[in-house]
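Q:
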Amino acid sequence: MGDIRPCITDIVGFLETIAKSKTLRNIVRRLIVAACAYFIWQERNNRMFANHARPPDTLVKLIVEAVRYRLMGLKLVRKVDVARVLGGWGIEACRNFDDAG
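Next up, the structure:
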């Protein structure tokens, strides 16, 4: 996603092209966008209705943590690229592999 402009129409267009993909990289991309949307919306509501604002660093940590926890719960096929992606998120790959795969 590094070559996509930070414009919502470009991001949505990219997500449409990978919508049916089941590769872990694309699953992570979709999870990141979903977590960003959720926490930004939550922050908006907190600022509007609760007069409470969190610093951007806190939001980034929450987003990364949410994606990481979701990845930890996935059952995945044992592959080198899957282990590499999980390692990048600080997750031990052996815990996530489905023994049937």
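Following full-length UniProt numbering, the numbering of the sequence shown begins with 1 at its first residue and continues without gaps. Think of the CB as a built atom: it goes at the ideal place given N, C-alpha and C, for glycine as much as any other residue. If you're wondering where the values come from, they're calculated on a predicted model, not measured in any experiment.
1) Pull up the CB-CB distance for residue 26 and residue 32, whole angstroms please, since I reckon it's below 8 Å.
2) Could you pull out every residue in the same chain whose Cβ sits closer than 8 Å to the Cβ of residue 105, ignoring the five residues on either side in sequence?
3) At the level of alpha carbons, what is the spacing between residue 23 and residue 89?
4) What's the C-alpha gap between residue 11 and residue 20?
5) Ends of the alpha helix (DSSP H) at residue 5?
6) Can you tell me where the alpha helix (DSSP H) with residue 26 in it begins and where it stops?
7) In this structure, what does DSSP give as the bridge partners for residue 71?
A: Walking through what the data contain:
1) At roughly 11 Å, the Cβ-Cβ gap does not stay under 8 Å, so residue 26 and residue 32 are not in contact.
2) Summary: the structure shown does not reach residue 105, with the chain confined to residues 1 through 101, and so no result is reported for it.
3) Here the C-alpha atom of residue 23 lies approximately 16 Å from the C-alpha atom of residue 89.
4) Looking at the two C-alpha atoms, the distance is approximately 16 Å.
5) In the DSSP annotation of this structure, residue 5 is not part of any alpha helix (DSSP H), being labelled neither H nor E.
6) Taken as a continuous stretch (DSSP letters only), the alpha helix (DSSP H) holding residue 26 covers 24-49.
7) Residue 71 is bridged by DSSP to nothing; it lacks a bridge partner.
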